[in-house]
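Worksheet for the structure shown next.
Residue numbers (the working numbering): 261 to 608.
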C-alpha cells in the first residue's frame with residue numbers, strides 16, 4: 261500500500277510495467293490524441309516513465325501537466341490537413357485516440373464535431389500513412405442511458421448530445437475504418453490524479469463534509485481508477501491487440517465499487533469524518549434546488565437531479581473479456597484512493 265507522500269505519477273508507473281519490453285518501447289512512436297486531458301495525461305506520464313522516447317500529444321488544449329509541454333503539438337481534430345500533416349511528420353506506430361469534447365453543455369451535434377468529424381479525419385489520416393498503426397479509439401459509456409442494459413454494442417440510447425456524438429463516432433469507426441487495425445473502448449467513470457468534473461467534485465464534496473449518502477442504499481458502480489485504465493490500455497495495445505481487434509470493451513475496474521465504502525475511504529484520507537446517511541427525499545429536494553441554481557447561472561452546483569439519478573442508479577458492466585485479456589489489475593480500491601488523495605493534497 262502506498263503512503264500519503266507518494267509521487268502519484270512515479271508510483272503508477274512503477275506498479276504498471278509496460279507490456280512492451282524496454283527495447284521495443286524505445287522503437288515505438290506513440291501518438292496520443294487528447295493527451296492534455298485526464299486519461300491522456302496519465303497515459304503519457306506512464307510511457308515517459310517507462311522509457312518511451314518518441315511520444316506526441318496532439319490536442320487543442322495546453323497539457324494539464326506542464327512537464328509534458330515538450331511533446332505537445334496544438335492540432336485540432338476538426339482540421340483534416342493539420343491532422344494529416346502531424347501524423348505524416350510523426351509516423352506513429354501506436355495510436356491512442358482519446359481526443360474529444362467531453363462536457364455535457366452543448367445543445368447541438370455540430371458543437372461536438374470533434375467527436376464525429378474528428379474521428380473521420382483521424383481515420384483518413386491513418387489510412388494515408390505508409391503503414392497503418394494499431395489504434396485504440398475511446399468512446400464513452402454515455403452512448404446509452406445509465407441503467408439500460410444494451411442487447412448488443414450498437415444498441416445506442418444516449419440521453420445527452422455528447423452521448424449521441426460518441427455513438428456517431430463509434431458508427432464512423434465501424435463504417436469507415438474497414439481493414440484498419442482498431443479496438444474500441446468505452447471508459448465508464450474513470451477517476452484519479454489529474455481528474456476534474458465530475459469525480460474531482462465528488463472527492464471535494466466528501467472532503468468538505470457535504471457529501472450525504474442515500475440512507476439504506478447500497479449502490480454498486482463499475483468505475484475505474486485511472487492507473488488501472490492505463491494498465492489495461494497498455495496491455496491491449498502491446499500484448500493483446502490481435503485478440504481484441506475490432507472489438508468493443510468497457511474500460512473500468514473489473515469489480516464494481518460500493519459508493520458508501522468509496523466515500524468512507526476518501527473521507528478517511530482527506531478529512532477524517534464519515535459522511536452522514538440522509539433520506540432520499542431530502543436529497544431529491546436538494547437536487548431540485550441545484551437545478552434551480554443551475555438555471556440561475558451557477559455553473560456547477562454540488563447536486564442536481566441529473567447527478568442524483570446517476571448516483572442512485574447502479575451501473576455495472578461486463579468486464580469478463582477485458583479481464584481475460586489484460587489480467588489482474590495493479591491497484592486496489594484503497595491504493596487508488598490513497599494515490600488520488602495524495603495528488604489532491606499536493607495540487608490543491
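From the three backbone atoms N, C-alpha and C, an ideal C-beta is built for every residue, glycine too.
Check your understanding: From residue 302 to residue 605, what does the alpha carbon distance come to, in whole angstroms?
Key -> Counted from its first residue, the chain shown places residue 302 at position 42. Counted from its first residue, the chain shown places residue 605 at position 345. Distance between the alpha carbons of residue 302 and residue 605: 18 Å.
ask   = CA-CA distance, residue 471 and residue 449?
value = Translated into the one-based positions of the chain shown, residue 471 becomes position 211. Translated into the one-based positions of the chain shown, residue 449 becomes position 189. Going from the Cα of residue 471 to the Cα of residue 449 covers about 18 Å.
Using only CA atoms, which one of 309, 581, 497, 469 lies nearest to residue 515? Counting from 1 along the chain shown, the entry for residue 515 is found at position 255. Ranking 309, 581, 497, 469 by Cα distance to residue 515 puts 581 first.
Quiz prompt | Where the alpha helix (DSSP H) through residue 459 begins and ends | solution = Looking up residue 459 in the chain shown gives position 199. In the DSSP assignment, residue 459 falls within the unbroken alpha helix (DSSP H) covering 459 to 468.
- Task: Excluding the 5 residues preceding and the 5 following residue 467 in the sequence, name in chain order all residues of the same chain whose CB lies nearer than 6 Å to its CB.
- Result: Position 207 of the chain shown holds residue 467. Scanning its chain for C-beta atoms nearer than 6 Å, with the 5 sequence neighbours on each side dropped, one finds around residue 467 the residues 530, 531, in chain order.
Practice item. May I have the straight-line CA-CA distance separating residue 554 from residue 495, to the nearest angstrom? Key: Taking the first residue of the chain shown as 1, we reach residue 554 at position 294. Taking the first residue of the chain shown as 1, we reach residue 495 at position 235. When only Cα atoms are considered, residue 554 and residue 495 end up about 41 Å apart.
key: Alpha carbon of residue 454 to alpha carbon of residue 541, nearest angstrom   = Within the chain shown, the letter at position 194 stands for residue 454. Within the chain shown, the letter at position 281 stands for residue 541. Computed Cα separation, rounded: 34 Å.
Between which two residues does the alpha helix (DSSP H) holding residue 376 run?
Taking the chain shown and counting its residues from 1, one reaches residue 376 at position 116. Its alpha helix (DSSP H) spans residues 373 to 387.
| message | residue 357 and residue 382 - do their beta-carbons sit closer together than 8 Å? | response | Taking the first residue of the chain shown as position 1, residue 382 is located at position 122. Taking the first residue of the chain shown as position 1, residue 357 is located at position 97. Yes, these two residues count as a Cβ contact at 8 Å.
* Asked: Do you know how far the Cα of residue 445 is from the Cα of residue 510?
  -> Your numbering for residue 510 matches position 250 in the chain shown. Your numbering for residue 445 matches position 185 in the chain shown. Rounded to whole angstroms, the separation of the alpha carbons of residue 445 and residue 510 is 6 Å.
Contained beta strand (DSSP E) runs [length at least 3] in the region 324 to 352, N- to C-terminal order: Within the region 324 to 352, the runs of beta strand (DSSP E) that reach at least 3 residues and sit entirely inside it are, in chain order, 332 to 334.
For residue 510, the three-state DSSP class (helix, strand or coil)
In the chain shown, residue 510 corresponds to position 250, counting from 1. In the structure shown, the three-state DSSP call for residue 510 is strand.
With a threshold of 8 Å on Cβ separation, who are the neighbours of residue 465 within its own chain once the five nearest residues in sequence on each side are excluded? By 1-based counting over the chain shown, the position of residue 465 is 205. These residues qualify, in order along the chain: 471, 562.
- Supposed close pair residue 286, residue 311 - CB separation, criterion 8 Å: For the purposes of this step, residue 286 is identified with residue 26 of the chain shown, where counting begins at 1. For the purposes of this step, residue 311 is identified with residue 51 of the chain shown, where counting begins at 1. Contact holds; Cβ gap of about 6 Å.
Neighbourhood of residue 366 by C-beta, 6 Å cutoff - its chain only, sequence neighbours within 5 removed = Here the question's residue 366 lines up with position 106 in the chain shown. Excluding sequence neighbours, residue 366 sits near 372, 421.
Exercise for the section: In the DSSP assignment, find the beta strand (DSSP E) that holds residue 293 and state where it starts and stops. Expected result: Locating residue 293 in the chain shown gives position 33, where the first residue counts as 1. If you look at residue 293, you'll find it in the beta strand (DSSP E) that goes 289 to 293.
For the candidate residues 426, 393, 537, 419, whose alpha-carbon lies nearest to that of residue 376?
On the chain shown, position 116 is the one that residue 376 refers to. Of the candidates 426, 393, 537, 419, the one whose C-alpha sits nearest the C-alpha of residue 376 is 426.
* **Nearest-angstrom Cβ-Cβ length linking residue 527 and residue 534, presumed shorter than 8 Å** => The count along the chain shown starts at 1 and reaches residue 527 at position 267. The count along the chain shown starts at 1 and reaches residue 534 at position 274. Correct: roughly 6 Å between the Cβ atoms.
What is the DSSP secondary structure of residue 321, reduced to helix, strand or coil? The residue labelled residue 321 in the question sits at position 61 within the chain shown. Three-state result, residue 321: coil.
Exercise for review: Less than 8 Å between the CB atoms is what I'm expecting for residue 483 and residue 451, so what's the real figure, rounded?
Suggested key: The residue labelled residue 483 in the question sits at position 223 within the chain shown. The residue labelled residue 451 in the question sits at position 191 within the chain shown. A Cβ-Cβ separation of about 6 Å places residue 483 in contact with residue 451 under the 8 Å criterion.
Contact set for residue 352: own chain, Cβ-Cβ below 6 Å, skip 5 residues either direction: Here residue 352 refers to the residue found at position 92 when the chain shown is read from its first residue. Answer for residue 352: 289, 291, 393, listed in chain order.
Going by DSSP, what residues sit across from residue 615 in a beta bridge?
In the structure displayed, the chain extends from 261 to 608; residue 615 sits before or after that span and is not available.
| message | The beta strand (DSSP E) that contains residue 553, what's its start and end? | response | Walking along the chain shown from the start, residue 553 turns up at place 293. First-last for residue 553: 540 to 555, but that is the alpha helix (DSSP H), not the beta strand (DSSP E).
Requested in this report: Output the boundary residues of the beta strand (DSSP E) element that contains residue 444.
Outcome: What you label residue 444 is simply residue 184 of the chain shown in a count that begins at 1. That run of the beta strand (DSSP E) goes 442 to 447.
DSSP beta-bridge partners of residue 537
By one-based count along the chain shown, residue 537 stands at place 277. In the DSSP assignment, the residues bridged to residue 537 are 473.
Quiz item: DSSP state of residue 416, grouped into three classes?
Solution: Taking the first residue of the chain shown as 1, we reach residue 416 at position 156. Three-state DSSP puts residue 416 in coil, outside helix and strand.
ask   = Less than 8 Å separating the beta-carbons of residue 276 and residue 487?
value = For the purposes of this step, residue 276 is identified with residue 16 of the chain shown, where counting begins at 1. For the purposes of this step, residue 487 is identified with residue 227 of the chain shown, where counting begins at 1. Between residue 276 and residue 487, the gap from beta carbon to beta carbon is short of 8 Å.
* Residue closest to residue 369, alpha-carbon to alpha-carbon, out of 545, 429, 549 -> Counting from 1 along the chain shown, the entry for residue 369 is found at position 109. The candidate whose alpha carbon is nearest that of residue 369 is 429.
- [ ] Just grab the DSSP bridge partners of residue 356 for me.
- [x] Indexing the chain shown from 1 puts residue 356 at position 96. Under DSSP, residue 356 shares a beta bridge with 292, 396.
Quick one: residues in its chain with C-beta nearer than 8 Å to the C-beta of residue 418, no 5 flanking neighbours on either side, listed in chain order? On the chain shown, residue 418 is found 158 positions in, with the first residue counted as 1. Shown here for residue 418: same chain residues with a beta carbon closer than 8 Å to its own, the five before and five after excluded, namely 402, 403, 404, 405, 424, 426, 427 in chain order.
Notebook entry, point to check: DSSP three-state call for residue 450: helix, strand or coil?
Noted result: Within the chain shown, the letter at position 190 stands for residue 450. If DSSP states are grouped into helix, strand and coil, residue 450 belongs with the strands.
Distance between residue 284 and residue 386 (C-alpha atoms, nearest Å): For this step, residue 386 is matched to residue 126 along the chain shown. For this step, residue 284 is matched to residue 24 along the chain shown. Between residue 386 and residue 284, the C-alpha separation is close to 22 Å.
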